[in-house]
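Colleague:
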């Protein structure tokens, strides 16, 4: 039976009849609060970029919006490196601890090939994706809403090319966060996040606006990308160093050939008729599980990011590419991501606790998984309610868009969509925790199918409500009204995601209560 234990948090009692809501709540907070920092790495870097670039020309902010949407599509397509790696490393390490009779050093040495394989996959994918993003930057900019004649195109290309070159660092960071989740350590990623955000915060104004006295030229939007890339590279160096030297969960270079021989031997043994697979076959099977789970998660992520990319594209076309609505969309998108990543911290706790609960065999494990799942949902909805209340208090002052831009037209166009974002917060809490519960149950195939359905519905809603420019929500501003239609379409996407999770959780999923009624 798996027991969720870390040096940072104590596990709730594993027996369903012993566990209390206090135990579960304490563990949720112990996991969720530190994990928030790691989850906020990318959106905080993006928010800092937006805040500085928002002080430049409108076309620069619009170009950043287009480039960020295109890069986000490319980067988030590989988030399986985090969501699949975590459970895989945790399972491998738990089995190794049992096998090695409590010898932590030997257990980690046994688990090192699994963690290293994930990191190697991230590096290979990062190099390939980086080449594609850099070489296809003009095409990505066009798809994102900055065609050759658009004023925003030059800024979009500058940002895309630099961030694309740093893609290997971004994906290595994603895999490292997954490995730390497998170690049930959410404090270390928080520490790394704070350090790297400090680097980005210092470099951003220097590289964007320049320091003539020191001979540093103003790089504009490209400077924002360089600062972010430097922060990502620093994070990679910190993560890998800690995993190698302190955690001792990665292979040293001299052990890599041995791992490759083990994997090759494992593939051969797995294809044989042996009824008792060896550790070699188990390792090959785990790497295969990473690839299979990664494929399903990749499909799911591409469907979601394609929907959000179409939303950005629709927003960019509302005003003919002048940059006002795309800039406003970028402002709203940053608020959206910041709140959603905060909600996703609760989803990380749900993923860990549900997976741990299902280590208990049979009905008892399902009951325990539902118990912690219900509690995590309550927390997600509560956090969403806090964001709703905060937005409701601040929105009338008009202060939120002014945090990201000093352009009055952009701020006005962002006002109505920000109201929709506020209204969706409670629903978002339910949806994101639901994702964490399904990931904890390792039902990645259902997640992919459900997202394909929801994305189709969302795409129709976005293009219908946002494309016509007639969805005003009482706004006198045409651009703001049409952009509100785009965000209403995103709201439809979230409603569909909520329904597919409810159906899985209550009726059809592996931990559904209906399975234990009879």
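In the UniProt record's numbering, the protein residues as written are 1 to 518. Even for Gly, the Cβ is constructed at its ideal location relative to N, Cα and C. Note that the coordinates shown come from a computational prediction; the quantities given were computed from them, not determined experimentally.
1) Are residue 529 and residue 78 closer than 8 Å when you measure CB to CB?
2) CA-CA distance, residue 454 and residue 105?
3) Nearest to residue 337 by CA position, among 168, 46, 143, 136, is which residue?
4) Closest to residue 484 by C-alpha separation, out of 69, 145, 331, would be which residue?
5) Per DSSP, residue 216 is paired with what?
6) Kindly list the residues whose CB is nearer than 6 Å to the CB of residue 460, restricted to its own chain and excluding five residues on each side of it in sequence; keep chain order.
7) Pick out whichever of 116, 157, 152, 118 has its Cα sitting closest to the Cα of residue 136.
8) Buried or exposed: which applies to residue 504, given that a residue is buried once 16 or more other Cβ atoms fall within 10 Å of its Cβ?
9) Within 10 angstroms of its Cβ, does residue 245 collect 16 or more other Cβ (buried), or is it exposed?
10) What's the call for residue 3, buried or exposed, on a 16-neighbour Cβ count within 10 Å?
11) Restricting to Cα atoms, I'd like to know which of 396, 348, 413 is closest to residue 429.
12) Please list, in chain order, all residues of the same chain as residue 334 whose beta carbon is under 8 Å from its beta carbon, the five residues on each side excluded.
13) Please work out which residues of its chain come closer than 6 Å, Cβ to Cβ, to residue 26, disregarding the five sequence neighbours upstream and downstream, and give them in chain order.
14) So, with DSSP's three-state summary, where would you put residue 148?
15) Please identify the residue among 443, 418, 445 whose C-alpha is closest to the C-alpha of residue 491.
16) Taking just the CA atoms, how far does residue 75 sit from residue 310?
17) Taking C-beta to C-beta, are residue 410 and residue 327 nearer than 8 Å?
18) When the distance is taken between beta carbons, is residue 60 closer than 8 Å to residue 220?
19) Does residue 512 come out as helix, strand or coil in the three-state DSSP assignment?
20) Look at the Cβ atom of residue 208, then the Cβ atom of residue 223, and state whether they are nearer than 8 Å.
21) Could you have a look at residue 405 and say whether DSSP puts it in helix, strand or coil?
22) In the structure shown, what three-state DSSP assignment does residue 100 receive?
23) Which same chain residues end up closer than 6 Å to residue 425 when comparing Cβ atoms and leaving out the 5 residues on each side of it in sequence?
24) What does the Cβ neighbour count give for residue 507, buried or exposed, with the cut at 16 atoms within 10 Å?
25) Taking only the alpha-carbon atoms, compute the straight-line gap between residue 398 and residue 62 and give it to the nearest angstrom.
26) Comparing C-alpha positions only, which one of 70, 363, 179, 458 sits nearest to residue 141?
27) Assess, as a yes-or-no matter, whether the stretch 285-296 is touched by the stretch 368-382 under the definition of 3 or more beta carbon pairs within less than 8 Å.
28) Given a cut-off of 8 Å on the beta-carbon distance, is the pair residue 199 and residue 229 in contact?
29) Output the distance between the C-alpha atoms of residue 393 and residue 416, rounded to the nearest integer angstrom.
30) Quick check on residue 569: does DSSP put it in helix, strand or coil?
31) Just the C-alpha distance for residue 180 and residue 236, rounded to the nearest angstrom, thanks.
32) Would you mind sorting residue 379 into buried or exposed? The rule is 16 or more other CB atoms within 10 Å of its CB.
33) Using DSSP with H/G/I as helix, E/B as strand and the rest coil, what is residue 469?
34) Would you report the Cα separation of residue 36 and residue 214, rounded to the nearest angstrom?
35) With a CB to CB cut of under 7 Å and the five nearest residues on each side skipped, what residues in its chain are close to residue 494?
36) Using the C-alpha atoms, what's the distance from residue 116 back to residue 107?
Modeller: Taking the definition as stated:
1) Residue coverage of the chain in this structure runs from 1 to 518, which leaves residue 529 outside it and unanswerable.
2) 45 Å
3) 46
4) 331
5) 211
6) none
7) 157
8) buried
9) Classification of residue 245: exposed, given that the 10 Å Cβ count is below 16.
10) For residue 3, the predicted model reports a pLDDT of 37, less than 50, meaning its position is unreliable; a value from the coordinates is still stated below. Looking at its Cβ environment, which holds fewer than 16 other Cβ atoms inside 10 Å, residue 3 is exposed.
11) 348
12) 43, 46, 47, 50, 404
13) none
14) coil
15) 418
16) 16 Å
17) yes
18) Yes, these two residues count as a Cβ contact at 8 Å.
19) Residue 512 carries a coil assignment under DSSP once its states are collapsed to helix, strand and coil.
20) yes
21) coil
22) In the displayed model, residue 100 falls within coil according to three-state DSSP, outside both helix and strand.
23) 384, 387, 388
24) exposed
25) 20 Å
26) 70
27) With a cut-off of 8 Å, the stretch 285-296 and the stretch 368-382 do not count as touching, because too few Cβ pairs lie within range.
28) no
29) 15 Å
30) Residue 569 lies beyond the residue range present for the chain, which begins at 1 and ends at 518; the question has no answer from this structure.
31) 13 Å
32) Buried: at least 16 other Cβ atoms inside 10 Å.
33) Because the pLDDT at residue 469 is just 45, under 50, the model does not fix this residue reliably, and the value given afterwards should be weighed accordingly. It is coil, neither helix nor strand.
34) For the pair residue 36 and residue 214, the Cα-to-Cα distance works out to about 37 Å.
35) Here the set comprises 424, 427, 428, 431.
36) 14 Å
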